[in-house]
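Final position of the sequence shown in the UniProt record's numbering is 602; the numbers increase by one with none missing. C-beta: ideal position from N, C-alpha, C; glycine also. Single-structure report; data block below.
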Amino acid sequence: MEPSSRNTQLPSFSSAFGSLVPPEQNHSMNKQSDSFFIPSYLKGSIYAQKLGEARNKKNSAQNDCHSAPTSQSSSRSTNKNSANAQTKLAPSHRGMTYDLIEKIPCSENERVPPLPSGWSSDDKQPALEVLSDGFELKLSGQKSDREREHESCAARADYPMPSQGGIYYFEVTILARKKEESSLGIGFSSKKVPLTRLPGWEPESWAYHGDDGNSYSSQITGRTYGPPFGASDTIGCGINFRASTAFFTKNGVDLGVAFREVKGKLYPSVGMKKPGEHIRVNFGQSPFIFDIDGMMKCERCLIENEVKLASTSNLSPPLRETELIQALVLQFLVHDGYVETARAFATEIETEKRALNLDPATVIPGFCIKDDEDATHRQRIRNAVLDGDIDTALKYTNLHFPQVLKDNEQVYFRLRCRRFIEMIRHASEVQNQQPTNGASKKSDKSIDQREDINHVMIMDENQNHTRGKDQPEVEQTLISNAEHTRLLQEAIHYGTELSAEFKDDSRRKVKKALEDAFALIAYQEPSSAEGVAHLLDPSGRIAVAEELNSAILQSLGKSSSAALETLFQQTSVLLDDLREQGGSAAAFLNINDYSKPKMSIS
């Protein structure tokens, strides 16, 4: 097969994470990265999942930046001859140098809104000190003449409360020791609100005040709400974005709804009036006093019950829920090539309907499963990939669907890489079957540390004369060593061909896949070596099989996804859109929860 005859248009995989920062900023960047946390009540949500994915991508991009050669930056301070010498250096095998220009700072157009992680050092009155990694605020005793003219000093968090989580909650503990009346205001406000008055007194701000226990909703006049609070008390503040309501807690007790129709981009906010007042905030970096996890669970159950009550009667044509599910499952089986299984399932459905029908004269509609030769070929190819027999999969693909691999270079590349991985996997299995004679093996020993295989064979041969009783075992070891060496040499030869075929491909995704696959050859026992063992996992075959099957279906003019898969994907996208808009019940739903297998209780 000629590589030049294939379509080279692959999807873009450029990274949107990882800002290029000067070396002197690395320390602060790492410190911020270390403070990453997800509150317990958000764990398991799609929003938390996306936060984790964004963090991993950002860290990966930053690590690649740091691991790239620094000759480019250092050349700026060298003379002209040094700069000329730099241009003659061979490209880095990491390939990262050529991707950096595509990266943009993660703060620009950030798709996943971050969580508040501390008090802002900029969005506060100067008299307030930010302490303890940004979690504490203290009103110093010294005020400038200008600050004395203000009624209070306020501060806001570094990021607004994200509506994508459904509920956002934080707690503030008053650390001042004096048991006197507190002059604090705890709540939230928009970015427009001045920081010279307690939150709640200005438009677009809401707060619960400690001196009188009143709640203030964008005006100077308060409303009776809860008890006053002071030193050693912990006040919680939360927003339910679905209901557009806000609530407060005191020392773990829910005080009820304080505000309604709460909307906008709102930041956690605290205001103080008396010097020496000192508070600490918990944005989720430690356990909460109030059972916010229980509140979140109840809210999720409420939304899930609404989903269960949804009717399928408005479908066209209308179908009962059972019939809809049966139709989706049947179409999925036929789509993926399980024709015989589909026939058996259709027969079972028809038998069940006849058994439940009381009128023998009633015609029972059935399902007609047509013979599909292409489906049989697809299933054979799919099974070959799942069995790790990539050669057979390539053979049947080129025989029955000769244009597929020519038009889909990405699929062809994935198959080739998987073939190399399977060769290493086979060699590793042969090696692991060898008798160890009590000697321990180290999985992290790289190839340059190995003992010469011929030397091992000679030593074993010499030991034959002194250990006659171990003769069969030694012979088996020699045979296994020879077989392992042969398989390894074949894999290296194949890898050399693979590298040569794609040596001119400068795409980072391709280079990274090759680097990961070739890393397997550097370990004596790659199946147990940290960092590469996952590549040998048979589950990696599934993605390759699905991608090849989709490409074949597209070549036949059919949908690359079954109706059930399309429905799942469409629902996932719809929920994502609703979450991004904010204030939706979609924030409390995770579609992956519905696709997990149910554990049976025996």
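Less than 8 Å between C-beta atoms, sequence neighbours within five positions excluded: which residues of the same chain meet that for residue i?
| i | result |
| --- | --- |
| Thr566 | Ser559 |
Is DSSP giving residue i helix, strand or coil here?
| i | result |
| --- | --- |
| Tyr494 | helix |
| Val430 | helix |
| Ser559 | coil |
| Ala529 | coil |
| Phe259 | strand |
| Met272 | strand |
| Asp254 | strand |
| Ser499 | helix |
| Arg223 | strand |
| Thr566 | helix |
| Gly238 | strand |
| Ala155 | strand |
| Val404 | helix |
| Glu277 | coil |
| Leu42 | helix |
| Phe37 | coil |
| Val172 | strand |
| Thr351 | helix |
| Gly165 | helix |
| Asp577 | helix |
Just mark residue i as buried or exposed, buried being the case when its beta carbon has 16 or more other beta carbons within 10 Å.
| i | result |
| --- | --- |
| Ala336 | Strictly speaking, residue 336 in this sequence is Asp, with Ala absent from that position. It is buried - the Cβ of Asp336 has at least 16 other Cβ atoms within 10 Å. |
| Gln433 | exposed |
| Lys503 | exposed |
| Pro318 | exposed |
| residue 609 | For the chain, the structure presents residues 1 to 602; residue 609 sits outside this window and is missing. |
| Asn592 | exposed |
| Phe281 | Note that residue 281 is Val in the sequence shown here, rather than Phe. It counts as buried. |
| Cys301 | exposed |
| Gln569 | exposed |
| Lys80 | Only weak support is given to the placement of Lys80: the predicted model assigns it a pLDDT of 39, under 50, and the question is left unresolved by the model. |
| Ala155 | buried |
| Gly187 | buried |
| Lys511 | buried |
| Phe37 | exposed |
| Glu277 | buried |
| His209 | buried |
| Asn408 | buried |
| Pro402 | exposed |
| Ala48 | buried |
| Val307 | exposed |
| Leu520 | buried |
| Pro268 | buried |
| Tyr594 | exposed |
| Leu399 | exposed |
Does the separation of the CB atoms of residue i and residue j fall below 8 Å?
| i | j | result |
| --- | --- | --- |
| Phe345 | Leu330 | yes |
| Ile279 | Leu115 | no |
| Val385 | Val544 | yes |
| Thr376 | Val339 | yes |
| Gly200 | Asp212 | no |
| Phe420 | Gly495 | yes |
| Val270 | Gly185 | yes |
| Pro526 | Ile424 | yes |
| Leu548 | Leu415 | yes |
| Glu171 | Ile220 | no |
| Ser182 | Ile174 | yes |
| Gly226 | Lys265 | no |
| Gly166 | Phe588 | yes |
| Glu483 | Val430 | yes |
| Leu139 | Pro275 | yes |
| Gly284 | Ser584 | no |
Using a Cβ-Cβ distance under 8 Å, would residue i count as near chain B?
| i | result |
| --- | --- |
| Val172 | Going by chain labels, chain B is absent from the structure shown, which holds only one protein chain. |
Between residue i and the rest of its own chain, which residues show a CB-CB distance below 6 Å, the 5 nearest in sequence each way excluded?
| i | result |
| --- | --- |
| Ile46 | Asn590 |
| Val411 | Glu547, Leu548, Ala551 |
| Arg418 | Ile390, Val544 |
Which residues in the same chain as residue i place their Cβ atom closer than 7 Å to its Cβ, once the five residues preceding and following it in sequence are excluded?
| i | result |
| --- | --- |
| Arg380 | Tyr396 |
| Ala533 | Pro526, Ser527 |
| Thr224 | Asn214 |
Contact between the region 188–199 and the region 116–128: three or more CB pairs below 8 Å? yes
Closer than 8 Å is the cut-off here; do at least three beta carbon pairs connect the region 161–170 with the region 239–246? yes
For the region 249–267 against the region 300–315, do three or more pairs of beta-carbon atoms, one drawn from each stretch, fall closer than 8 Å, so that the two count as touching? no
Check whether the region 200–210 and the region 290–299 touch, using three or more Cβ-Cβ pairs below 8 Å as the test. no
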